[in-house]
Amino acid sequence: KAGVTQTPRYLIKTRGQQVTLSCSPISGHRSVSWYQQTPGQGLQFLFEYFSETQRNKGNFPGRFSGRQFSNSRSEMNVSTLELGDSALYLCASSGNFRPYEQYFGPGTRLTVT
Amino acid sequence: DQQVKQNSPSLSVQEGRISILNCDYTNSMFDYFLWYKKYPAEGPTFLISISSIKDKNEDGRFTVFLNKSAKHLSLHIVPSQPGDSAVYFCAATAGNTGKLIFGQGTTLQVKP
């Protein structure tokens, strides 16, 4: 099976802009989660989607949003970008039986200038 | 409030010896625990998991031990290989969901 894919891999944006990141899960996986990794805060959970519904949400401001499509592909959006949003954004997918066993994509490196 | 803690930022071991990585947690509602390995510029790679109804799980060279009373888990790698050099994260979740809480990571260096 192909792994989790994320696009784009690298992105440079300016403060105040918005950005959309995309994730394609492993075939057959219906759960998709998003994480932010920064040097200071480590890996932090953003949100989880299952069957197009948000199942869990982390402690991030409303500028961070996501959605999942009927084919399980997911997107996350960050509006009004801040310098502190510079991070590696990771998407992970998991199967129905063990949603906690997540398989990660390579991530999207977002730099906000 | 850091619910999952890896108190050792780094660990260095000799090739062929045992590597022991440790993790502590505070939330008694956690019932699934995982270990991931991460190389720079890549996503974490799933290694092994354990549920709270077990105290040990093995997969090849990797064994995870869970001590619920101490709220402590550890990952043993035997024998250690230079290719094991990476950052190791422990993670936990409450309930059978995809919301993982990660520790800060431990950098393992295995010397030839």
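The listed protein sequences derive, respectively, from chains H and U. 11 is the number of the first residue of the first sequence in the working numbering; add one for each residue after it. 627 is the number of the first residue of the second sequence in the working numbering; add one for each residue after it. Idealized CB from N, CA, C, for every residue including glycine. None of the values given here were measured: they were computed from a predicted structure.
| Query | Result |
| --- | --- |
| Spatial neighbours of Glu62/H in its chain, beta-carbon cut-off 6 Å, leaving aside the 5 residues before and after | Gln78 |
| Beta-bridge pairing of Asn653/U - partner residues as DSSP gives them | DSSP lists no partner for Asn653/U. |
| Status (buried if at least 16 other CB within 10 Å, exposed otherwise) for Lys664/U | buried |
| Sub-8 Å separation of Leu726/U and Ala717/U beta-carbons | yes |
| Within-8 Å CB hit, Leu21/H to chain U | no |
| Proximity to Arg73/H [Cα-Cα], best of Ser82/H, Thr30/H, Tyr113/H | Thr30/H |
| Spatial neighbours of Gln27/H in its chain, beta-carbon cut-off 7 Å, leaving aside the 5 residues before and after | Leu91 |
| Ranges of the beta strand (DSSP E) found wholly within the region 694-735 of chain U, counting only runs of at least 3 | 698-703, 712-719 |
| Ser104/H at chain U interface by Cβ criterion, 8 Å | yes |
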